[in-house]
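End of the sequence shown = 561 in my numbering, gap-free, step of one.
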Amino acid sequence: MKLKTLIVDDEPLALDVLETFIERIDSLELVGRCENGIQAFNYLKKGDIDLLFLDIEMPTLDGMELLKSLHNPPKVIITTAYRDYAVESFELSVVDYLLKPIPFQRFVKAVNKVVSKENDVNQPITISSSVQLNTNERPEAMFIKVDKRIVKINFSDILFIESLKDYIRIHTLTGTFVTYQTMNGIGDILPAEQFARIHKSFIVSIAKVTSIEAGDLIVSGKSLPVGRSFRDGILEKIYKTGVLAVK
């Protein structure tokens, strides 16, 4: 049995991302898209929804208000760019809390929790064979929230990432983007073989390092410090991207 799934988000691009993910999961059937809490409330009154992907920050009726108004809610997975509501969400018995940008692997993990609860067994979900991920496949891009937009950033375009406390600034070949995310959070998303944490405030694309000067890494003309606790293994990882001709 497929889980009848409803997605709710005021950003059309975020809905598109969720719809693409759902299409890849054999256990899910997308039955509706709602762009605000009022639409979702009216849809849910009809019943027959097994799983709800719910954004929080929405006009008129936000996700938390909607969730509190439901007497018999379906299984709920929160999808948001904000960490602030995590405790309150779990007090309302949500299944999982996904922070945007949402990697597909993290999405799969959340859905598997729902499927396991429904079947009362720890049975992994299956991904549609037409788009089956093989063990060597890696995502080539990520989606981040920038102001009111969801922006796609190719990993190959990233130069380096800079910490701004609760935000990060992503420097790319085409410009810079600021999004609400932590360095640890973005580190979990980036391909480990392409990126390295070199400082508490910097992550670099290894292939974009052009030189090493006085212990700093030069990326796109900018000198980036290497933290003492990050030094071990950084040079070796950089040298693996080319032939070492230094004597």
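We put the CB at the ideal spot given by N, CA and C, even for glycine.
Residue from the options whose Cα sits closest to the Cα of residue i
{"i": "residue 551", "options": "511, 542, 528, 537", "result": "511"}
{"i": "residue 522", "options": "356, 394, 538", "result": "538"}
{"i": "residue 417", "options": "393, 430, 427", "result": "393"}
{"i": "residue 495", "options": "360, 354, 475", "result": "475"}
{"i": "residue 405", "options": "381, 363, 426, 415", "result": "381"}
{"i": "residue 519", "options": "412, 341, 487", "result": "487"}
{"i": "residue 481", "options": "516, 349, 489, 345", "result": "516"}
{"i": "residue 266", "options": "514, 533, 527, 554", "result": "Because the chain here runs from 315 to 561, residue 266 falls outside it and cannot be looked at."}
{"i": "residue 360", "options": "339, 346, 372", "result": "346"}
{"i": "residue 568", "options": "490, 509, 489", "result": "Outside the modelled stretch of the chain, which goes from 315 to 561, sits residue 568, for which no answer is possible."}
{"i": "residue 429", "options": "501, 354, 337, 364", "result": "364"}
{"i": "residue 398", "options": "423, 383, 385, 371", "result": "371"}
{"i": "residue 386", "options": "402, 408, 401", "result": "408"}
{"i": "residue 534", "options": "454, 490, 403, 548", "result": "490"}
{"i": "residue 479", "options": "468, 500, 473", "result": "500"}
{"i": "residue 342", "options": "547, 358, 315", "result": "315"}
Pair within 8 Å by beta-carbon distance, residue i and residue j
{"i": "residue 390", "j": "residue 375", "result": "no"}
{"i": "residue 540", "j": "residue 492", "result": "no"}
{"i": "residue 348", "j": "residue 322", "result": "yes"}
{"i": "residue 413", "j": "residue 395", "result": "yes"}
{"i": "residue 351", "j": "residue 333", "result": "no"}
{"i": "residue 425", "j": "residue 339", "result": "yes"}
{"i": "residue 458", "j": "residue 467", "result": "yes"}
Opening and closing residue of the alpha helix (DSSP H) in which residue i lies
{"i": "residue 403", "result": "400-405"}
{"i": "residue 336", "result": "326-337"}
{"i": "residue 538", "result": "Looking at the DSSP string, residue 538 is not in any alpha helix (DSSP H); the run it does join, the beta strand (DSSP E), is 536-538."}
{"i": "residue 380", "result": "377-383"}
{"i": "residue 466", "result": "Element bounds for residue 466: not the alpha helix (DSSP H) but the beta strand (DSSP E), 463-468."}
Where residue i sits in the DSSP three-state scheme
{"i": "residue 346", "result": "strand"}
{"i": "residue 549", "result": "helix"}
{"i": "residue 428", "result": "helix"}
{"i": "residue 504", "result": "coil"}
{"i": "residue 543", "result": "helix"}
{"i": "residue 511", "result": "strand"}
{"i": "residue 487", "result": "coil"}
{"i": "residue 526", "result": "strand"}
{"i": "residue 370", "result": "coil"}
{"i": "residue 444", "result": "Unreliable placement is indicated for residue 444, whose pLDDT of 41 sits below 50; no coordinate value is reported for it."}
{"i": "residue 471", "result": "helix"}
{"i": "residue 411", "result": "strand"}
{"i": "residue 359", "result": "helix"}
{"i": "residue 416", "result": "coil"}
{"i": "residue 423", "result": "helix"}
Buried versus exposed call for residue i [16 or more other C-beta atoms within 10 Å across all chains shown]
{"i": "residue 319", "result": "buried"}
{"i": "residue 335", "result": "buried"}
{"i": "residue 456", "result": "buried"}
{"i": "residue 328", "result": "buried"}
{"i": "residue 506", "result": "exposed"}
{"i": "residue 317", "result": "buried"}
{"i": "residue 448", "result": "Legend: pLDDT at residue 448 = 43, less than 50; position of this residue unreliable, no value from coordinates given."}
{"i": "residue 529", "result": "exposed"}
{"i": "residue 324", "result": "buried"}
{"i": "residue 485", "result": "buried"}
{"i": "residue 470", "result": "exposed"}
{"i": "residue 377", "result": "buried"}
{"i": "residue 362", "result": "exposed"}
{"i": "residue 403", "result": "buried"}
{"i": "residue 546", "result": "exposed"}
{"i": "residue 553", "result": "exposed"}
The beta strand (DSSP E) enclosing residue i, as first and last residue numbers
{"i": "residue 494", "result": "490-494"}
{"i": "residue 455", "result": "455-460"}
{"i": "residue 318", "result": "317-322"}
{"i": "residue 389", "result": "389-394"}
{"i": "residue 517", "result": "516-519"}
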